[in-house]
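Going left to right, the sequence shown walks through residues -10 to 127 as our numbering numbers them.
A short write-up of the structure that comes next.
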Amino acid sequence: MTRAARWAYAILAWTFVVGLAVQVFLAGMGIFGGTRNFEAHVGLGWLLHLVPLLILASAALSRGGRRHWGWALILAVVVFVVPILVLARDVSPAIAALHPVAAMVAFWLAIVVARHSLEVVRGGAMPEPATIEAEAAA
């Protein structure tokens, strides 16, 4: 099961990176496509909103270590906040304007998580810092 979780972690993480790139394209189509239609962007956004939870679960099950599920947790929190920022557009456009900024942070985090996922697939579990210190002291 650990091997499957490691592969799921990597596949989900890299699929999420690609999904975010598609999301940016769909936002561009909404802005520059002439119709001001953001339905595809919104629809994919809500679907992508759930993927970090799967990434978090697979990172934890992959036994890659605290570092891996920690980054996945941060990604999940940021991705959770991104669509909420848009809801503030009528109350505070400045807060809503943070939506693309938070999306850029999410994209960066997604790449970090995806790169870490490859470490788990290639090298197995990453030792925890406490384990490394204990081995060094012995």
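Glycine included, each C-beta is placed from N, C-alpha and C at the ideal position.
{"Check": "C-beta atoms of Ile44 and Ala61 nearer than 7 Å", "Outcome": "yes"}
{"Check": "Sub-7 Å separation of Pro72 and Gly19 beta-carbons", "Outcome": "no"}
{"Check": "Buried versus exposed call for Pro41 [16 or more other C-beta atoms within 10 Å across all chains shown]", "Outcome": "buried"}
{"Check": "Short Cβ contact (7 Å threshold) for Trp3 with Ala103", "Outcome": "yes"}
{"Check": "Sequence-distant residues of the same chain with beta carbon closer than 6 Å to Phe5, five excluded per side", "Outcome": "Val40, Ala99"}
{"Check": "Contacting residues, own chain, Cβ-Cβ under 8 Å from Val75 (five flanking each side not counted)", "Outcome": "Ala85, His88"}
{"Check": "Extent of the continuous alpha helix (DSSP H) to which Arg111 belongs", "Outcome": "87 to 112"}
{"Check": "Segments assigned beta strand (DSSP E), at least 3 residues, entirely inside the stretch 0 to 32", "Outcome": "none"}
{"Check": "Environment of Trp58 [buried if 16+ CB atoms lie within 10 Å]", "Outcome": "buried"}
{"Check": "Leu98 Cβ short of 6 Å to the ligand FMN heavy atom set", "Outcome": "The ligand FMN is absent from the structure shown, which contains no ligands of any kind."}
{"Check": "Buried versus exposed call for Leu36 [16 or more other C-beta atoms within 10 Å across all chains shown]", "Outcome": "exposed"}
{"Check": "Own chain, CB closer than 8 Å to Leu25, minus 5 neighbours either side, in chain order", "Outcome": "First, the residue type needs correcting, since residue 25 is Arg and not Leu in the sequence shown. Cβ within range, chain order: Gly19."}
{"Check": "Distance, Phe69 Cα to Arg55 Cα", "Outcome": "21 Å"}
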